[in-house]
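Numbering (our numbering), first residue to last: 497 to 588.
Right under this line is the structure:
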């Protein structure tokens, strides 16, 4: 992110609030009023487990479904069904 106030712009991906075991995405468009964020519900493990993470944003969606986050644990083999099941958006 560029700056820490609402007038900043960019994307931040972090481990969420305490206890810090989730994936959180924050998007700011720099207009001072629009923030989009979501914390994925999957609890991340701290034992060296690998995760597949994808973040998508569609500014033409016009609602809170514009942000979509996918998190899969040990994603050695994925298909459309497993990715869809692991994908979340902020509640409308």
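Just so you know, even glycine gets a beta-carbon here, dropped at the ideal spot from N, CA and C.
No experiment lies behind these values; they were computed from the predicted model shown.
For residue 580, the three-state secondary structure derived from DSSP is helix. Relative to residue 570, the option among 544, 554 and 558 whose CA is nearest is 544.
Spatial neighbours of residue 585 in its own chain (CB-CB distance under 7 angstroms, excluding positions within 5 residues in sequence) are listed in chain order as 534, 560, 561, 563 and 564. Linking residue 514 to residue 573 through their CA atoms gives a straight-line distance of about 31 angstroms. As for any beta strand (DSSP E) of minimum length 3 sitting wholly inside the segment 533-580, the runs are 547-553 and 563-569, ordered along the chain. Between the alpha carbons of residue 577 and residue 566 lies a distance of about 12 angstroms.
For residue 511, the secondary structure class from DSSP, reduced to helix, strand or coil, is coil.
For residue 537, same chain residues with a beta-carbon under 8 angstroms away, outside a window of 5 residues either side, are 518 and 584 in chain order. Judged by DSSP secondary structure, residue 519 falls outside any beta strand (DSSP E); it is assigned neither H nor E.
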